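Counting in UniProt numbering, the sequence shown runs from 1 upward without gaps.
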Amino acid sequence: MGARSKARKRAVDLLFEAQLRKVDPVSLLADRVGSPDVPPVNDYTVTLVEGVQTQLGRIDELLAEHSEGWTLDRMPAVDLAVLRLGLYELLWASDVPDAVAIDEAVQLAKMLSTDDSPRFVNGLLGRIATIADRLRATL
């Protein structure tokens, strides 16, 4: 697993934990950065967690709008964390190609969630990717 893939997994872990504990992910991240009790936090992990949190309202709005038959509340928490990260990279990380953002999210879903999750993540992010250029123009 490459450095960025590891950073993405760590970011999903933090987003997931923050959601379950009902705490701010950036505050949780701040507690971990520099802590001798946990492995060092990669700079890209910091970028991802802070980026997702900054854009969370718009990310959740887009996920809710484009998920067919699913509300955010019904989605498994790990899938939601993966989708949030994937959508952040898709729309806001200009150095990450769309296909890479989607593939990385699908790989995380394969690693961390149910057998149906990779297909769900791929479908939802793929739908949004078809209008990504138009969305980026309005961000």
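We treat Cβ as the ideally placed atom computed from N, Cα and C, and that holds for glycine.
Quantities reported herein were computed from a predicted structural model and do not represent experimental measurements.
Candidates the options: closest to residue i by CA position
{"i": "proline 25", "options": "Arg10, Asp37, Leu87, Val38", "result": "Arg10"}
{"i": "lysine 110", "options": "Leu83, Ala132, Arg136", "result": "Leu83"}
{"i": "glycine 51", "options": "Leu85, Gly2, Glu104, Ala77", "result": "Leu85"}
{"i": "valine 96", "options": "Tyr44, Ser35, Val38, Ala18", "result": "Tyr44"}
Coarse secondary structure for residue i, derived from DSSP in three states
{"i": "glutamine 53", "result": "helix"}
{"i": "threonine 71", "result": "coil"}
{"i": "methionine 111", "result": "helix"}
{"i": "asparagine 122", "result": "helix"}
{"i": "leucine 28", "result": "helix"}
{"i": "leucine 139", "result": "coil"}
{"i": "valine 93", "result": "Here residue 93 turns out to be alanine, not valine, going by the sequence shown. Coil, per DSSP."}
Own chain, CB closer than 7 Å to residue i, minus 5 neighbours either side, in chain order
{"i": "serine 67", "result": "Leu124"}
{"i": "tyrosine 88", "result": "Leu48, Gly51, Val52, Gln55, Ile59"}
Residues near residue i in its chain [Cβ-Cβ closer than 8 Å; skip 5 each side]
{"i": "glycine 126", "result": "Ile102"}
Cβ neighbour criterion (16 or more within 10 Å) applied to residue i
{"i": "aspartate 133", "result": "exposed"}
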